[in-house]
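In this note's numbering, the protein residues as written are 4 to 185.
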């Protein structure tokens, strides 16, 4: 029996019904699941063994394809709902990247008055590279073999083979061309 199956059996993570409470059967198991996922991500972010780091992130509910590389100190903010963030095969994620699939202003006046809450799936397609410190916002798809520059903030979908940089991120080139407009 795998560690994943043990966690499913002990903490009540429902593989069938992922639409409610982050994939858990009730609020108590949701809180326990959230704590376990949070602990797994904490371990992963401080793990010096790359393959173990990826395995721990997978256990915490992040979909990560084969040959993907995730560096230390990466923030996966998905509200602990499995499946909101998906990294396909051969994706490279540099340190200090933030993938924000669930965002709201917590208990501020904005939240109480306007109930602002943004959420959406994040898909990073095959061969994409996320540079150090970049931020990917809710509902964004990063195209195949594209490059996101360091500290860029991606607010909308990125085309395949695009090179993006800046705040907000804009296209500065194409991977298939030698020239880059900086």
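All C-beta atoms, glycine included, are put in the ideal place defined by N, C-alpha and C.
Remember, predicted model here, so these are calculated numbers, not experimental data.
Spell out the partners DSSP gives residue i in its beta bridges.
i           : result
residue 167 : 151, 174
residue 79  : 102
residue 129 : Paired residue(s): none; residue 129 is not in a bridge.
residue 122 : 105
residue 95  : 72, 132
Compare the beta carbon distance of residue i and residue j with 8 Å and say whether it is the shorter of the two.
i           : j           : result
residue 97  : residue 64  : no
residue 145 : residue 127 : yes
Give me the Cα-Cα distance between residue i and residue j, rounded to the nearest whole angstrom.
i           : j           : result
residue 68  : residue 90  : 6 Å
residue 44  : residue 61  : 9 Å
residue 138 : residue 102 : 6 Å
residue 177 : residue 123 : 26 Å
residue 143 : residue 72  : 20 Å
residue 49  : residue 99  : 12 Å
residue 42  : residue 162 : 34 Å
residue 55  : residue 132 : 20 Å
residue 46  : residue 52  : 11 Å
residue 160 : residue 40  : 28 Å
residue 24  : residue 37  : Any reading at residue 24 needs caution, since the residue's pLDDT is 45, under 50, leaving its predicted position unreliable; the model's value is listed next. Going by the C-alpha atoms only, they are around 10 Å apart.
With residue i and residue j assumed to form a contact (beta carbons below 8 Å), what rounded beta-carbon distance in angstroms separates them?
i           : j           : result
residue 66  : residue 93  : Not quite, the Cβ-Cβ distance comes to about 14 Å (not below 8 Å), so this is no contact.
residue 88  : residue 104 : 5 Å
residue 164 : residue 153 : With a Cβ gap of about 19 Å, residue 164 and residue 153 do not count as contacting.
- Identify every run of the alpha helix (DSSP H) within the region 43 to 72, keeping only runs that are complete inside it and at least 4 residues long; order them along the chain. Here the runs fully enclosed are 53 to 62.
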